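This report concerns only the one structure given below.
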Amino acid sequence: MAVFNQKSRTENARLSSILGVTNQLMRYVLAFVYRTVFLMVLTKEYLGLDGLFTNILAILQLAELGIGTAIVFRMYKPIQQEDVHKVAAYMNFYKWVYRIIALVVLAAGLILLPFLDFFIKDASEVPADLDVKVLYLFFLAQSVTSYLFVYKQSILTADQKGYTVSIFSIIVQTIRYAVMFPLLVLTKNYTLTLGVSIGTVVVTNYFLSLITHRKYREVFRLKDKLTKEEKKEILKDTSAMMCHKAGEALVFGIDSILVSKYVGTGMLGIYSNYSLLINAVTGLLTQFLGSFIASLGNMSILSDDENKMRVYKRLIFLNNWVVCFCTVSLFVLINPFIRLWQGEDMLLSMSTVAALSASFFINNSRWVTNSYITASGLFIKDRWRPFLQAAINLVASVLLVQAIGITGIFVGTIISCVVTIWWREPHVLHKYELHASVKVYWIRHCINILFTAAFCVGGYYLSGLLDGSFASFMIRVAACLVIPNGILLAAYCRTEDFRFYLDYVLRRLHLKKNG
Numbered sequence: 102m103a104v105f106n107q108k109s110r111t112e113n114a115r116l117s118s119i120l121g122v123t124n125q126l127m128r129y130v131l132a133f134v135y136r137t138v139f140l141m142v143l144t145k146e147y148l149g150l151d152g153l154f155t156n157i158l159a160i161l162q163l164a165e166l167g168i169g170t171a172i173v174f175r176m177y178k179p180i181q182q183e184d185v186h187k188v189a190a191y192m193n194f195y196k197w198v199y200r201i202i203a204l205v206v207l208a209a210g211l212i213l214l215p216f217l218d219f220f221i222k223d224a225s226e227v228p229a230d231l232d233v234k235v236l237y238l239f240f241l242a243q244s245v246t247s248y249l250f251v252y253k254q255s256i257l258t259a260d261q262k263g264y265t266v267s268i269f270s271i272i273v274q275t276i277r278y279a280v281m282f283p284l285l286v287l288t289k290n291y292t293l294t295l296g297v298s299i300g301t302v303v304v305t306n307y308f309l310s311l312i313t314h315r316k317y318r319e320v321f322r323l324k325d326k327l328t329k330e331e332k333k334e335i336l337k338d339t340s341a342m343m344c345h346k347a348g349e350a351l352v353f354g355i356d357s358i359l360v361s362k363y364v365g366t367g368m369l370g371i372y373s374n375y376s377l378l379i380n381a382v383t384g385l386l387t388q389f390l391g392s393f394i395a396s397l398g399n400m401s402i403l404s405d406d407e408n409k410m411r412v413y414k415r416l417i418f419l420n421n422w423v424v425c426f427c428t429v430s431l432f433v434l435i436n437p438f439i440r441l442w443q444g445e446d447m448l449l450s451m452s453t454v455a456a457l458s459a460s461f462f463i464n465n466s467r468w469v470t471n472s473y474i475t476a477s478g479l480f481i482k483d484r485w486r487p488f489l490q491a492a493i494n495l496v497a498s499v500l501l502v503q504a505i506g507i508t509g510i511f512v513g514t515i516i517s518c519v520v521t522i523w524w525r526e527p528h529v530l531h532k533y534e535l536h537a538s539v540k541v542y543w544i545r546h547c548i549n550i551l552f553t554a555a556f557c558v559g560g561y562y563l564s565g566l567l568d569g570s571f572a573s574f575m576i577r578v579a580a581c582l583v584i585p586n587g588i589l590l591a592a593y594c595r596t597e598d599f600r601f602y603l604d605y606v607l608r609r610l611h612l613k614k615n616g
């Protein structure tokens, strides 16, 4: 009897995408409703502190060193070959490393505890009923305990069964918020509610680890160990992935910290609403496009260059279309939506929205390319670039926030991305994995930039003709749905890539119709 997944790559990707998107929708809808209730009961300063500690812990998690991604990459081949002993050796090594990491994160977190006030611009903004250190210790406890359980989930990812995590998460998130809603309303106690939330996460990770252990009991019962040479190879991969993890955490995690430090926790609370909505859209894209990573890793072993390039072009086409539509929708709709949701005093300026939208476009247009690089192990080729990106981001953001305010923080992030990963990733992928010219990629990408910019400018002037009513918001929604997609459809309807997806949808509908 086969131990590992026997479904096709296409079926695995479809299941992961559908259930992943469902999970993300559930999570963000519940988070949105919870935040609405939260701001009725408490204030934006509470939200600001929540965002601050989340991002501080994200940086502390650099101790993970990216070893999870490196080990998942190594497991693709033995899983394909049904080599249970080799997979067991990787998982036993993973378990040992993550226990050490948990101790390192705990120690680093406790060392940082006396210096929390440095990250808060004005201590008077901290609500009187909160103990900042107690809140921080709650977040630290969640981070540390997760390392004791979540390492087992790596085998689900490598075996293209990430949808199992999504199913379990949907159930647990529903229970979690069902408890948190009445608790917050009845007690108005943020600390107690946070404690229950974190406790739910810990219990979730524990039970998921038990389920994973049972599903792969043939793997976890073995005590095989890696050779010294194999450990050296993992450490080599890890050193490269550490750089990428460091860059990602410092570039995207530091924005909230800089807002708190230079603008204030109140403004951080306002920004956190935008961050929630942008992260919701990003999360859906991550599930929709990022769910292909394991399938791509499997394909990198089995496919030739011509097939890799064919699949890559089709995914890039889809990536460009979806990111164009999402960027335009965020730029046009996010301020009117927040105005209806929370009022005029919770809005950021249009210049800040433009910077956030541009950052969203740059980073999410990379998803397919970045997935290929991760799945094929090419992150090793570019190990030092993330440090340069992080340094540019920090310097540019600190200088610009003092010159132009909060917008400068996000402009600094854009600058750091454009001069590093934006051009570097497609170059590395085409040179070392696809073995093809990068010219076609840039032609497609530049055309998509022009389409997106034109749609955003048109949306800006259209919004200027409308008021802040719900009816006007729905007109904006309709315009975002019809105009960009209609023009893109007219532009691409005769292309091979579009015909591929149209034929795919028609086949799926036909299969469904005929049962």
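All you need for this note's numbering is the position in the sequence shown, starting with 1, plus 101. Where a beta carbon is used, it is the ideal one built from N, C-alpha and C, also for glycine. If you're wondering where the values come from, they're calculated on a predicted model, not measured in any experiment.
Item                                                                                                          : Value
Segment contact flag, the segment 302 to 318 with the segment 244 to 255, C-beta cutoff 8 Å, min 3 pairs      : yes
Where Gly398 falls, given that 16 or more other Cβ within 10 Å makes a residue buried                         : No answer about Gly398 holds up, because its pLDDT of 48 lies below 50 and its placement is not dependable.
Residues near Lys613 by beta carbon distance below 8 Å, same chain, minus five either side                    : Confidence at Lys613 is low in this model, with a pLDDT of 48, below 50, so its placement is unreliable and the value that follows should be read with caution. Nothing listed; no residue qualifies.
Alpha helix (DSSP H) segments (min. 4 residues) lying fully within the segment 127 to 208                     : 145 to 161 and 168 to 181
Among Leu120, Val235 and Thr521, nearest to Leu150 - alpha-carbon criterion                                   : Val235
Three-way DSSP call (helix, strand, coil) for Asp406 in this model                                            : helix
Nearest-angstrom Cα separation, counted from Leu241 out to Ala395                                             : For Ala395, the pLDDT reaches just 49, beneath the cut-off of 50, and the residue's location in the model is therefore unreliable, leaving the point undetermined.
Assigned secondary structure, Val364 (DSSP; H/G/I helix, E/B strand, else coil)                               : coil
Test item: CB-CB of Ser466 and Asn420 under 8 Å                                                               : yes
Where the alpha helix (DSSP H) through Lys316 begins and ends                                                 : Tyr291 to Lys316
Segment contact flag, the segment 550 to 570 with the segment 426 to 435, C-beta cutoff 8 Å, min 3 pairs      : yes
8 Å contact criterion, which Gly365 and Glu226 should meet: CB distance rounded                               : 6 Å
Beta carbon of Leu217 nearer than 8 Å to that of Gly370                                                       : no
Outcome for Phe571 when other beta-carbon atoms lying within 10 angstroms are tallied against a minimum of 16 : exposed
Residue range of the alpha helix (DSSP H) that includes Cys594                                                : Premise fails: Cys594 is in no alpha helix (DSSP H) and is neither H nor E.
Nearest-angstrom beta carbon gap, Val280 and Val297 [assumed within contact, 8 Å]                             : 6 Å
Ile588 versus Pro527: straight-line alpha-carbon distance, rounded                                            : 27 Å
Short Cβ contact (8 Å threshold) for Leu489 with Thr521                                                       : yes
Every unbroken beta strand (DSSP E) inside the segment 489 to 570 [3 residues or more]                        : none
Closest by C-alpha distance to Tyr129, when choosing among Asp325, Cys594 and Ser270                          : Ser270
Lys253: first and last residue of the uninterrupted alpha helix (DSSP H) it sits in                           : That residue, Lys253, is in no alpha helix (DSSP H); it is neither H nor E in DSSP.
Inter-residue Cα distance where the pair is Gly616 and Val423                                                 : Here Gly616 scores only 42 on pLDDT, less than 50, and its place in the model is too uncertain to base an answer on.
Span separating the alpha-carbon of Ser255 from that of Phe321                                                : 13 Å
Cβ-Cβ separation, Leu257 to Thr313 (assumed contact under 8 Å), whole Å                                       : 6 Å
Between the CA atoms of Asp223 and Leu449 - distance to the nearest angstrom                                  : 20 Å
Collapsed DSSP secondary structure at Phe599 in the structure displayed                                       : helix
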